[in-house]
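The opening position of the sequence shown corresponds to residue 75 in our numbering, with each subsequent residue numbered one higher. Report on the following structure.
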Amino acid sequence: MPIVSFRLISSLIFLVALPCYLTANAQPKKELNFNPCELSTLDGRGMLSALCADWKQPIDPGDAKSTQIDLFVVKVSSASPNPKPDPLLIINGGPGGSSVDLLVDLAGANVFRRILNKRDVIVMDQRGTGRSSSLACPALADNQLQITDIDIKLLTKECIGQLNYDPRYFSTTYAVQDIESLRIALGKDRLNVYGVSYGSRVAVEYARQFEQSTRTLILDGVVPPTIALGPDVAIKSQEALDLVFKQCRESVACNNAFPNLDEKFWDLMTRLEKHPVNTKFQDPRSGDPIEVEVEKEHLALVIRMSLYNPELRSLLPYLIYETSLKNDFSRIAATATQLLDQLGQSISNGMHNAVACAEDVPFYDEQQRLIKDSKETYMGSDFHQSLIEICSEWPVGPTNESMKKVFTSKTPSLILSGQYDPVTPPSYGEQLASNLENRLHIIGEGQGHGLISRGCIPKVLSDFMEDPNLENLKTDCVKHLKPVPFFVNAYGPSP
Numbered sequence: 075m076p077i078v079s080f081r082l083i084s085s086l087i088f089l090v091a092l093p094c095y096l097t098a099n100a101q102p103k104k105e106l107n108f109n110p111c112e113l114s115t116l117d118g119r120g121m122l123s124a125l126c127a128d129w130k131q132p133i134d135p136g137d138a139k140s141t142q143i144d145l146f147v148v149k150v151s152s153a154s155p156n157p158k159p160d161p162l163l164i165i166n167g168g169p170g171g172s173s174v175d176l177l178v179d180l181a182g183a184n185v186f187r188r189i190l191n192k193r194d195v196i197v198m199d200q201r202g203t204g205r206s207s208s209l210a211c212p213a214l215a216d217n218q219l220q221i222t223d224i225d226i227k228l229l230t231k232e233c234i235g236q237l238n239y240d241p242r243y244f245s246t247t248y249a250v251q252d253i254e255s256l257r258i259a260l261g262k263d264r265l266n267v268y269g270v271s272y273g274s275r276v277a278v279e280y281a282r283q284f285e286q287s288t289r290t291l292i293l294d295g296v297v298p299p300t301i302a303l304g305p306d307v308a309i310k311s312q313e314a315l316d317l318v319f320k321q322c323r324e325s326v327a328c329n330n331a332f333p334n335l336d337e338k339f340w341d342l343m344t345r346l347e348k349h350p351v352n353t354k355f356q357d358p359r360s361g362d363p364i365e366v367e368v369e370k371e372h373l374a375l376v377i378r379m380s381l382y383n384p385e386l387r388s389l390l391p392y393l394i395y396e397t398s399l400k401n402d403f404s405r406i407a408a409t410a411t412q413l414l415d416q417l418g419q420s421i422s423n424g425m426h427n428a429v430a431c432a433e434d435v436p437f438y439d440e441q442q443r444l445i446k447d448s449k450e451t452y453m454g455s456d457f458h459q460s461l462i463e464i465c466s467e468w469p470v471g472p473t474n475e476s477m478k479k480v481f482t483s484k485t486p487s488l489i490l491s492g493q494y495d496p497v498t499p500p501s502y503g504e505q506l507a508s509n510l511e512n513r514l515h516i517i518g519e520g521q522g523h524g525l526i527s528r529g530c531i532p533k534v535l536s537d538f539m540e541d542p543n544l545e546n547l548k549t550d551c552v553k554h555l556k557p558v559p560f561f562v563n564a565y566g567p568s569p
């Protein structure tokens, strides 16, 4: 769930409990007019034929006369002439990521083939993201790595002034109201709800507020509601990197190719902190040369995002060692530049702040030990300290008083975790699962953040929706998920 910039942006925030009567008042049914459409991601990847609808809803679900915002809804119709009455709803993470973009990516990977044989797939860009009244502002773009604390507050005020809508109405509290209004507008009794990363928080809160509307829950890379994301992100990522170092030492081939890998990494971080390196690389699209001053934040970003993905994780020892040995930072520069560009386009930073400032930062006082420990990680404490600076200026709206309480439910729940996930580890999944009466927790061996497209998981999800009785669910195929071996040179792993 990438909250990405390292010296972005966050002090004291007051959390106001939303009156309970609001949580039960979904808007009356408003017609959805679907039309054929062709979809790509916001940065131009993929192509998906679907049905799309621009849907207006009040910015305040409790006030039908409040400002209208545009919500973008997509339906991928089932191949069946008589689809099941309960579609699958997809919710992306971030916070700030586009759920429609996730749909396009997953459809391109053929994830939904089995599901679409029986039921429709529905996606709505969460308010403030993607094509749904996006809360994005250039002032706090995610492609800025170096911003001073003074600049952060000034830029935050500038950002707030650039927004088209009041950010107090863009937290999870309002997002779940939109989902329930969407269910009513679709004429569906219940939904199967999939949420990944921060999207799992939305899915859990929806199931908490509207349990009768939730047929099944699929939570992929779980964020337990009792955890305030921030200081622990750097710590969990450091633990994931330390595991790479440990596994490389214990592998004869990796250790022979890259001895003292952890020392090489910390040496690179120290060198870049003292003396940033100017390097050039070719733009892969235009072929034009690009010059970048590589700082330790660039290396940290590449490391962090590589840990999310098993294939990129397998390249880390080679990347670290080659950079150190040859003093060539062009790969780091090229990868970091591409990541910053993608993240800047895919994450709505205003919506991200609306969520973090209402639901995470106010609870940092309870995590002082984590804040102290994070200073010793490769990411450092700038990550969450900058959020504290942002949130000292950010308007904060109400949130459900139940949101930070333990989630208990009888809803059939399938929990997915990657063994090497650097941000939502299996322990988070276990923490959530321990309070659910009807759940199964699957841990993908050697996997990272998000399992939905891995191996036989799409089949498991389809089978689960077909028969939510977890005692009947066959998951033996998951044992075939295995770690990706480390590359020992440019040609791949050792034979």
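Using N, Cα and C, we set each Cβ at its ideal position, and we do this for glycine too.
query	result
Alpha-carbon to alpha-carbon, S206 and G424	13 angstroms
Close beta carbons around E504, own chain, < 7 angstroms, minus the five adjacent residues each side	H515
Member of I406, P472, R289, G361 whose CA lies at the smallest distance from the CA of Y248	P472
Pairwise C-alpha distance: Q251 and N99	Note that N99 has pLDDT 49, beneath the 50 cutoff, so the model's placement of it is unreliable and no number is given.
Reduced DSSP secondary structure (H/G/I, E/B, other) of R242	helix
Buried versus exposed, by CB contacts within 10 Å (16 or more), C328	buried
For D447 and P135, the rounded distance between their alpha carbons	41 angstroms
For L335, the first and last residue of its enclosing alpha helix (DSSP H)	335-348
Exposed unless 16 or more other CB atoms sit within 10 angstroms - verdict on Q521	buried
Selected residue, minimal CA-CA separation from A507, among G295, V552, D263, D456	G295
Inside the stretch 217-304 only - alpha helix (DSSP H) runs reaching at least 4 residues	223-236, 246-260, 272-283
Close Cβ partners of F481 (< 7 angstroms) along its chain, the five nearest in sequence each way excluded	V278, R282, P299, L506, N509
For M121: DSSP bridge partner residues	Its beta-bridge partners do not exist; DSSP assigns none.
Residue range of the alpha helix (DSSP H) that includes L544	Neither: L544 is in no alpha helix (DSSP H) and is coded neither H nor E.
Beta-carbon gap between T288 and Y280 smaller than 9 angstroms	yes
Option nearest A308 by Cα separation, candidates K338, L256, M379	M379
Cβ separation of Y452 and Q312, assumed to be a contact under 8 angstroms, to the nearest whole Å	6 angstroms
Residues sharing a beta bridge with S483, DSSP	L510
Through-space distance from V270 to L89, alpha-carbon basis	Because L89 carries a pLDDT of 25, less than 50, the predicted location of this residue cannot be relied on, and the following value inherits that uncertainty. So the two alpha carbons sit approximately 25 angstroms from each other.
Cβ-Cβ distance between T203 and M477 below 9 angstroms	no
Extent of the continuous alpha helix (DSSP H) run through T409	404-420
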